[in-house]
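Asks: Residues in the sequence shown are numbered consecutively from 7, following the numbering used here. Where a beta carbon is used, it is the ideal one built from N, C-alpha and C, also for glycine.
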Amino acid sequence: MKILSIVGARPNFMKIKPLYEEFKKRKINQTLVHTGQHYDKNMSKVFFEDLELPKPDIFLGVGSGTHGVQTGLMMSKMEEVLLKEKPDLTIVVGDVNSTLAGAIASIKMQIPVAHVEAGYRSFDLKMPEEINRILVDRISQFLFAPTKDAVDNLVSEGIDKKRIFFVGNIMIETLLSNIQKSKKSNILETLSLDSRNYGLMTVHRAENTADPKKLLELFISLSEIDTKIIVPLHPRTKIILEENAYLGKIGKNIEITEPLGYIDFLQLMSNSKFILTDSGGIQEEALMLDVPCITLRNNTERVVTLKENANILVGMDPLKLSLAIKGIQKNKRSYPKPPLWDNKVAERIVNTIISHPELFFL
Ligand code: UD1
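(1) Given a cut-off of 7 Å, decide if S128 and E136 are closer than it, judged by their beta-carbon atoms.
(2) With distances taken between CB atoms, is the gap from F150 to A111 smaller than 7 Å?
(3) Name the one or two DSSP bridge partners that A120 has.
(4) Out of I359, F271 and K313, point me to the one whose CA is closest to F53's CA.
(5) For the alpha helix (DSSP H) containing E91, list its first residue and its last residue.
(6) Identify whether E230 lies in helix, strand or coil by the three-state DSSP scheme.
(7) Is there contact here, the stretch 231-248 with the stretch 312-320, by at least three beta-carbon pairs under 8 Å?
(8) What are the residues that DSSP puts in a beta bridge with Q36?
(9) Leaving out five residues before and five after V142 in sequence, what residues of the same chain have Cβ atoms less than 7 Å from its Cβ?
(10) How long is the line joining the alpha carbons of K258 and L88, rounded to whole angstroms?
(11) Use the C-beta contact count for S50: other C-beta atoms within 10 angstroms, 16 or more gives buried, fewer gives exposed.
(12) Between the Cα of Y26 and the Cα atoms of T41, G42 and K8, which residue gives the shortest distance?
(13) Within a Cβ cutoff of 7 Å, which residues of the same chain sit near S227, ignoring the five residues on either side of it in sequence?
(14) Near I262, which residues of its chain fall below 7 Å by C-beta distance, leaving aside the five closest residues on each side in sequence?
(15) I256 bridges to which residues according to DSSP?
(16) Could you give the residue range of the alpha helix (DSSP H) that holds T105?
(17) Is there at least one non-hydrogen atom of the ligand UD1 closer than 6 Å to the beta-carbon of Y45?
(18) Whose C-alpha, out of M322, R308, G69 and S191, is nearest the C-alpha of H44?
(19) Grab the span of the beta strand (DSSP E) containing I318 for me, first residue to last.
(20) May I ask you to report which of helix, strand or coil DSSP gives T243?
(21) Is D103 close to the ligand UD1? I mean its beta-carbon at under 6 Å from any heavy atom of the ligand.
(22) Note down the Cα distance separating K92 from R169, rounded to an integer number of angstroms.
(23) Within the same chain, show all residues whose beta-carbon is closer than 8 Å to that of E353, passing over the 5 residues directly before and after it, in chain order.
(24) Helix, strand or coil: which one does DSSP assign to L206?
(25) Does at least one heavy atom of the ligand UD1 sit under 6 Å from the Cβ of R242?
(26) Could you compute how far the alpha carbon of E55 sits from the alpha carbon of D63?
(27) Please confirm whether any heavy atom of the ligand UD1 lies closer than 6 Å to the CB of R16.
(28) Output needed for E314: all residues of its chain with C-beta closer than 7 Å, excluding positions within five of it in sequence on either side, in chain order.
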């Protein structure tokens with residue numbers, strides 16, 4: 007059996023790592039393709055180093071562009087790769103444009119697709135990721151769901167139950183394997199931080215950065231609280247803040263850094279008092295680390311994180327945000343963990359692939 011796995015953007019790398027190791031352990035022939043959707047060192051290479059992933063076998067070098075340009079270029083380059091490599095199965099992870107391009111290119115060449123992180127839905131078609139999720143799930147032969155609600159979403163869309171497998175959360179497997187290593191990071195010393203005495207924020211989503219004024223309002227409202235907030239800045243958000251000369255208007259309690267690697271970021275998350283984010287995966291990582299999360303969105307596809315207020319949705323509303331920050335309790339709480347968010351997710355996925363040869367036929 008020959009497997010071809012596709013990654014491209016930052017949140018893909020930690021999702022492929024456990025699978026890469028599991029295929030290697032079982033001596034299954036695998037090829038790793040990187041589309042080049044993310045290309046800056048601190049958006050890509052640093053993750054390969056931190057996660058001890060080998061250099062991708064094939065690098066497509068697609069880079070940035072509009073959705074049409076980026077996805078189209080990835081598809082045409084993927085076709086060439088698939089023609090040459092002729093895998094028995096393509097693996098795609100998450101919901102980025104590389105996920106969609108890889109899945110479409112593959113299925114059009116009648117190569118079956120396995121989607122890891124299938125079934126998440128925000129029911130918000132304004133999110134490009136929601137479109138990617140729906141389309142990829144519709145054309146995949148193996149749908150590996152991280153949660154029971156993801157399974158329910160797939161069933162309610164009429165997807166054949168025989169193709170849906172509840173296996174748990176692959177990204178959490180990587181978190182669990184790296185938590186000890188992250189404790190050796192010296193990022194707290196580098197940024198002069200005391201454990202549980204700062205907040206951590208990431209904001210990069212297209213809908214949150216499209217209106218620069220809203221972005222500035224967010225930063226101004228955070229400048230009024232008396233907690234230090236660390237903001238590793240995505241390149242897109244950085245450009246917007248710079249172009250609008252906003253950096254000088256931000257309060258002294260806000261410390262902006264370059265995007266961080268996986269290990270440093272894990273250490274920063276684990277020790278933070280709270281996390282503010284518009285990312286998907288970080289909501290889940292916060293839950294696992296028992297750090298309260300405030301999500302800068304009006305909806306989430308990670309609904310399991312909303313239980314017991316482990317995660318609160320505030321959109322980009324400064325008032326809701328400040329109330330949510332005030333509501334954070336002094337003492338650290340332990341949140342209930344969803345089933346199968348453990349260190350056996352890749353094992354379950356590979357066992358499933360091996361034991362269902364009938365799904366390799368379209
Ligand atoms: C993508 C994913 C998003 C994910 C995010 C993680 C899609 C539709 N979105 O969004 O789900 O949460 O990655 O970061 O796939 N840029 C650089 N250097 C890089 C990469 C990007 O400067 O290495 C800048 C470019 O200006 C680019 C912009 O960031 O145009 C956006 O990059 P893109 O990959 O299109 O989307 P993300 O916002 O990163």
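Replies: Looking at the atomic coordinates:
(1) yes
(2) Cβ distance not < 7 Å, so F150 and A111 don't count as in contact.
(3) I97 and F148
(4) F271
(5) H73 to E91
(6) E230: coil per DSSP, three-state reduction.
(7) no
(8) I9
(9) Excluding residues within five positions, the ones whose Cβ falls inside 7 Å are V98, T105, L106, A109 and H121.
(10) 51 Å
(11) By the 16-neighbour rule on beta-carbons within 10 angstroms, S50 is buried.
(12) K8
(13) P324, L327 and S328
(14) Taken in chain order, the residues that qualify are V237 and L239.
(15) DSSP output for I256 lists no bridge partner at all.
(16) N103 to K114
(17) yes
(18) G69
(19) N317 to L319
(20) helix
(21) In the sequence as displayed, the identity of residue 103 is Asn instead of Asp. N103: yes, Cβ under 6 Å from the ligand UD1.
(22) 22 Å
(23) Excluding residues up to 5 positions away in sequence, E28 lie with their Cβ nearer than 8 Å to the Cβ of E353 in the same chain.
(24) strand
(25) yes
(26) 15 Å
(27) yes
(28) Taken in chain order, the residues that qualify are Y341 and P342.
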